[in-house]
Each structure stands twice: as structure tokens, then as C-alpha cells.
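Protein chains in written order, with the working numbering: chain A, 1 to 74; chain B, 1 to 221.
We put the CB at the ideal spot given by N, CA and C, even for glycine.
Only a predicted model underlies this, so the values are computations on that prediction, with no experimental measurement involved.
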Amino acid sequence: MKARVLIRPKEGILDPQGKAVERALPALGFDSVRDVRVGRLVELEADDAAHLEDLCEKLLANPLIEDYEIQEIG
Amino acid sequence: MFGVLQFPGSCDERDALAACERVSEARMIWHEETSLDGIDAIVVPGGFSYGDYLRAGAIARFAPAMEAVREFAEAGGPVLGICNGFQVLCEAGLLPGALLPNDGLRFLCRQVDLEVVSTDSAFTRGLEEGERLSVPVKHMTGRYFAPPGMLDELEARGQVVLRYGPGQNPNGSARDIAGVSNEAGNVMGLMPHPEHAVDPLTGSDDGLKLFAAAAKAAVAA
């Protein structure tokens with residue numbers, strides 16, 4: 001199976017990268033964009049989907065500071 | 001004998017080794033070593049271990065030598081994580097909390113004053129509470145974070161070892177925290193670089209005090 005793992009800074013944690021992107025947008029005329037958060041996208045292929053959660057907890061995300069979401073894509 | 005862990009991508013291991021050699025014998029430990037026989041104290045140095053891919057310290061915690069470091073730490077041996085080493089020890093679960101990108105997003109390199117908060121750790125024993133240490137910081141991912149409840153516990157248990165001096169928090173760290181220890185006090189991590197402050201020639205030798213304290217702790221153990 002193929003999967004996509006989305007990793008984001010946890011809600012409430014300051015994301016300076018998102019803030020920097022948000023501040024840059026008005027200069028380009030995008031005035032109505034708010035709450036930009038920048039995360040990571042990991043694509044992978046696995047024989048056993050059962051391991052994915054464990055793998056996210058142990059390596060792909062740091063659960064103290066990040067949330068993750070696993071999407072199976074076929 | 002002090003051991004300084006060396007990962008691919010470490011860059012402060014030589015300064016760390018030189019700092020250790022001022023207070024003890026010392027040798028480098030390559031990340032593939034699995035035996036730490038004869039080692040009395042360990043320094044996990046700064047740098048960009050394994051390229052800091054994914055998150056700073058995330059890959060390094062799986063290095064073969066880290067299993068031996070974990071056993072050493074659990075047996076009460078003194079372990080000091082500096083900068084990237086701090087990140088590695090947090091990722092490995094040997095220290096509480098995590099390090100996030102600086103709130104200003106910039107790489108910082110400057111001298112800061114640190115305030116000794118706790119003298120219960122293996123690296124601050126013998127120092128005085130409230131004592132100031134002048135030590136440089138140089139990092140991009142140094143914003144100490146732990147959930148508020150955990151911060152309260154750390155403070156109550158004396159695990160906050162060092163804070164940035166008033167008005168000097170360079171990176172947005174929670175409650176101005178610059179260094180923390182585990183509950184037992186034998187494992188400590190800090191973002192500033194005491195190994196770069198061991199000779200008056202470079203402006204301060206305050207950093208040497210942490211190594212000297214560890215040398216005493218190692219002899220006592």
C-alpha cells in the first residue's frame with residue numbers, strides 16, 4: 001500500500017515558519033489568508049499498514065510537538 | 001575517562017573533547033560503538049547529526065551507540081547533551097521536552113548570560129544557585145518547549161537547571177529555560193555551548209565549571 005503522512009505543529013504551538021509565510025502574502029496581494037501553518041509531508045510504501053501508526057509515533061512525528069495524519073492513497 | 005559521542009554531522013566534538021581533557025582523560029566514541037567500558041561521563045556534542053533530517057536529533061537517537069548511552073544513563077552515569085546533543089537526548093526520551101525552531105527563525109550566534117537555577121544536577125553540583133555563567137549560543141532550533149503542566153513539574157522537581165539571564169532569552173524558550181535535567185539529575189541538556197567557553201582567550205571560561213562538576217561526579221560514582 002501507499003500512504004501519505006501529514007505532520008503539523010500541534011495547535012497552540014507557535015509556528016514561526018507559518019507566520020513568516022502569512023506575513024509575506026499581503027505583499028503579493030493575498031490579503032485574506034490567515035492561520036498559515038507549515039508542516040511536513042512524507043510519502044511511503046509499506047507492506048503492512050498496521051505498523052504505520054507506530055512508525056509515526058516513534059520517528060516521523062514527535063507527539064509532544066506534532067500531530068500526524070495517515071492517508072492511504074492506494 | 002570522559003567519552004564524546006561522534007555522529008556523522010557532529011561539528012563540536014573536538015571542542016567538547018578539548019574541554020573534557022581539561023578536567024579528565026577523554027576519548028571520542030564513534031556512533032557505531034556499542035561498548036562504553038571504562039567511560040565515566042559522556043558528552044553528546046553539538047552539530048547536525050545525520051543532517052538533522054526529519055527533525056533535529058530524530059535519526060541520531062537510533063544510532064548503535066545511543067543504546068549504550070541509554071544504559072549508561074539509566075545506571076546513573078553523567079550524560080551531558082549540548083545543543084544538537086540536547087535535541088538528541090530529548091528525542092531519545094532521556095530528557096523531558098523538545099526543541100523547536102527559534103521564534104525569530106534566524107540562526108543565532110551570540111554570548112549569553114545563564115543563571116544557575118538548580119545545583120542538583122551532576123553538571124552544576126558545587127556551583128551556586130543564582131550564579132551567572134557567560135557562554136555562547138549558536139543554533140537555529142533552540143526554543144525549549146514542554147506543555148505547561150510538564151513545565152510546572154520540572155520546576156517543582158528542580159529539573160530546570162539553567163535559565164537565560166533576564167531579557168536574554170534568544171529563541172523564545174518556555175520560561176527562559178536554557179537547560180534541563182532528568183529527574184535523577186545525572187542527565188542534563190542545554191542549548192548554549194559550555195565547551196566553547198573554557199579559556200579566557202575566547203572571552204569566558206565559565207563553561208569549564210560544568211565539565212569540572214561532571215569530573216567530580218564521575219569520581220564519586
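Whole-Å CB distance - residue i paired with residue j, under 8 angstroms assumed
i        : j        : result
Met140/B : Phe86/B  : Wrong, their Cβ atoms sit about 13 angstroms apart, outside the cutoff.
Thr34/B  : Glu67/B  : 7 angstroms
Asn171/B : Leu95/B  : Their Cβ separation, rounded to whole angstroms, is 17 angstroms, which puts Asn171/B and Leu95/B out of contact at 8 angstroms.
Val161/B : Ser118/B : 5 angstroms
Glu66/A  : Pro9/A   : 6 angstroms
Val137/B : Val88/B  : Actually they do not touch by this definition, with Cβ atoms about 17 angstroms apart.
Lys216/B : Leu127/B : Actually they are not in contact, since the Cβ atoms of Lys216/B and Leu127/B sit about 11 angstroms apart, beyond 8 angstroms.
Residues of its chain near residue i, where Cβ-Cβ distance is below 6 angstroms and the 5 sequence neighbours each way are ignored
i        : result
Ala41/B  : Phe2, Pro78, Ala214, Ala218
Ala212/B : Val23
Gly165/B : Asp113, Glu115
Gln159/B : Val180, Ser181
Reduced DSSP category for residue i - H, G, I as helix; E, B as strand; rest coil
i        : result
Leu44/A  : strand
Asp113/B : strand
Ser204/B : strand
Ala98/B  : strand
Arg23/A  : helix
Glu53/A  : helix
Asp67/A  : strand
Ala26/B  : strand
Pro9/A   : strand
Leu127/B : coil
Pro136/B : strand
For residue i, the residue or residues it bridges with in DSSP
i        : result
Ser181/B : Met188/B
beta-carbon residue i near the ligand SAH non-hydrogen atom, thresh 7 angstroms
i        : result
Leu162/B : The ligand SAH is not among the ligands present in this structure, which contains no ligands whatsoever.
Contact set for residue i: own chain, Cβ-Cβ below 7 angstroms, skip 5 residues either direction
i        : result
Met101/B : First, the amino acid is wrong: residue 101/B is Pro here, not Met. For Pro101/B, where only same-chain residues beyond five positions count, the Cβ hits under 7 angstroms are Met140, Thr141, Arg143.
Same chain only: Cβ atoms within 8 angstroms of residue i, ignoring 5 sequence neighbours per side
i        : result
Glu131/B : Glu115, Val116
Glu74/B  : none
query = When the Cβ atoms of the region 201-215 of chain B are set against those of the region 142-160 of chain B, are three or more pairs found closer than 8 angstroms?
reply = no
query = Is it true that the region 2-11 of chain B meets the region 44-51 of chain A, where meeting means three or more beta-carbon pairs spaced less than 8 angstroms apart?
reply = no
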